[in-house]
Amino acid sequence: MQESKKILVIIQRSNGDVFLSNTLIQSLYQHYKNSEIDLLVNDDTLPIAKTIANIRQIHTFSYRQKQENRWRQERKLISKLFNKYDISINLTASDRSVLYALLFAKHSISAIEPDNGKSWWKRRLLSQFYFFNLSDHILINNLKPLQLLGIRHNKTVIPIKYSNLSGKIVKEKLALRNIRHFLIFHPSAQYEYKVYPVDLRNQLLALLNNLNTPIVITGGKSKIDNKIKKTLPLLNNIYDFIGETTIEEYMALSDLSSGYIGVDTLNMHISAAQDKSVFSIFGPTNLRMWSPWCNQLRKATSRDTPIQTYGNITIFQANMPCVACGNAGCDDKHGHSECLDKINPKIVFEQIRKWHETL
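For the sequence shown, numbering that gives the first Met the number 0 assigns the number 0 to the initial residue and increments by one for each residue that follows.
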């Protein structure tokens, strides 16, 4: 262990980025004795940030406030955090987040772009830097600061621990419905372009219903979740939990489950980190960076193919030359993803059925 440090970790991206920073954060906490670790995250990722252990304080950045009055928010953050930390670690290469890393700590570490035309000034000013590689998994990118600091890690996703209270609440919900052994089905995502079409989804649910195992449908309270909730089929083994659990309670629910079925989203990464069997339907998302990490094999996948299994992970993709394009839908504006229309629910079910027979 090294002497105590005040550390700021800056994560200005999505829920998945925040969740997959847990290994970095816990490794820092173990290495620096009695360290104080703070986070700076986007406000829409605050719920998942709050579940991470060994965090002293969480600061937030709001894109809504930026639109209303850009400089007011910047002045507030700078006046509050200027030179307050021994070490800052920034996990994104954006100009703003790099400036935060430089301003808020004596020793600044940041991801930067490989393109020298964009990052020349970052290379000169940062104490240490690493290249954010779009061909590397997000976990691997997030662990690069540890290498710069000479801190060892085991290249796994450390699951976030949920509270005893969350575990108790979930067990009570399951007991009320007399559910013991069950599978999770998570149909929603933060963005519509990742959602499996309703007709195919309901065909898959009808097939899963025949397993005679409770299928617990999970989700939050967003517009996408509410839309899905209204279209769920009434089947005897389907249990609707949409809007009934917090993100921490989902962690408990996933931990109690036999496996995860659903789309590529934060919940998938949570279940994979718990070493659950994961069956995930992927659309345009880049597998190199965002495929579920297999702790058993200490790797993810970078290969696009209609069906693949590695360790406890099975991924389904469309057999199309454009897959995976990495865009936010076919129009790259969070629109429809045609590739999801081409994934046959019978093929998805058959893989799940074969696995289910081994339980």
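Every residue, glycine too, gets a C-beta built ideally from N, C-alpha and C.
Exclusion of the five residues before and after Thr230 leaves Val197 as the residues of its chain whose Cβ lies within less than 6 Å of its Cβ.
By alpha-carbon distance to Gly261, the top candidate from Ala272, Ala205, Ile280 is Ile280.
Excluding the 5 residues flanking it on each side, Gln202 has same chain C-beta neighbours closer than 6 Å at Pro344, in chain order. A distance below 8 Å separates the beta carbons of Lys4 and Ile86. For His268, the secondary structure class from DSSP, reduced to helix, strand or coil, is helix.
In this structure, DSSP gives Leu125 a state outside helix and strand, which the three-state scheme calls coil. Going by beta carbons, Phe184 and Ile214 fall inside the 8 Å limit. Per DSSP, the beta-bridge partners of Asp239 are Ile216. Distance from the CA atom of Val8 to the CA atom of Tyr309, rounded to whole angstroms, is 31 Å. Contact check between the stretch 147-164 and the stretch 244-263: three or more CB pairs, one atom from each, fall below 8 Å, which counts as touching. Your pair Ser256 and Phe181 checks out as a contact, with CB atoms roughly 6 Å apart and the cut at 8 Å.
In this structure, Ile6 keeps its C-beta atom at 8 Å or more from the C-beta atom of Ile111. At the C-beta level, His136 and Met288 come within 8 Å of one another. Contact annotation: Pro113 and Phe128 have beta-carbon atoms that are not nearer than 8 Å.
In this structure, DSSP gives Ser26 a helical state, which the three-state scheme calls helix. For Asp85, the enclosing beta strand (DSSP E) has its first and last residue at 84-89. Taking the Cα positions, Ile10 is about 7 Å away from Thr91. Straight across, the Cα-Cα distance linking Leu339 with His30 is about 43 Å.
Straight across, the Cα-Cα distance linking Ser107 with Leu145 is about 13 Å.
Beta-bridge annotation (DSSP): His185 is paired with Gly261.
Taking a contact as a CB-CB distance under 8 Å, the pair Phe18 and Leu265 counts as one, their CB atoms being some 6 Å apart. Counting along the chain, Ile314 sits inside the beta strand (DSSP E) bounded by residues 312-315.
Between the alpha carbons of Asn53 and Ser20 lies a distance of about 13 Å. Taking 8 Å as the cut-off, the Cβ atoms of Asp274 and Gln307 do not count as close. Taking each of Lys228, Leu210, Phe315 in turn and checking the Cα distance to Lys341, the smallest one comes out for Phe315. Asp224 sits in a helix when the DSSP states are folded into three classes. Here Thr245 is not near Thr217, since their CB atoms are 8 Å or more apart. For the pair Arg297 and Lys154, the CB atoms are nearer than the 8 Å cut-off. Looking at the backbone, the Cα of Ile139 and that of Leu233 are separated by about 42 Å. DSSP lists Phe60 as the beta-bridge partner residues of Asn41. Linking Glu356 to His58 through their CA atoms gives a straight-line distance of about 47 Å. Cα atoms of Asn318 and Gly282: separation of roughly 11 Å, rounded to the nearest angstrom.
About 7 Å separates the beta carbons of Lys193 and Thr284, which is inside the 8 Å limit, making them a contact pair. In the DSSP secondary-structure assignment, Tyr309 is bridged to Ile312.
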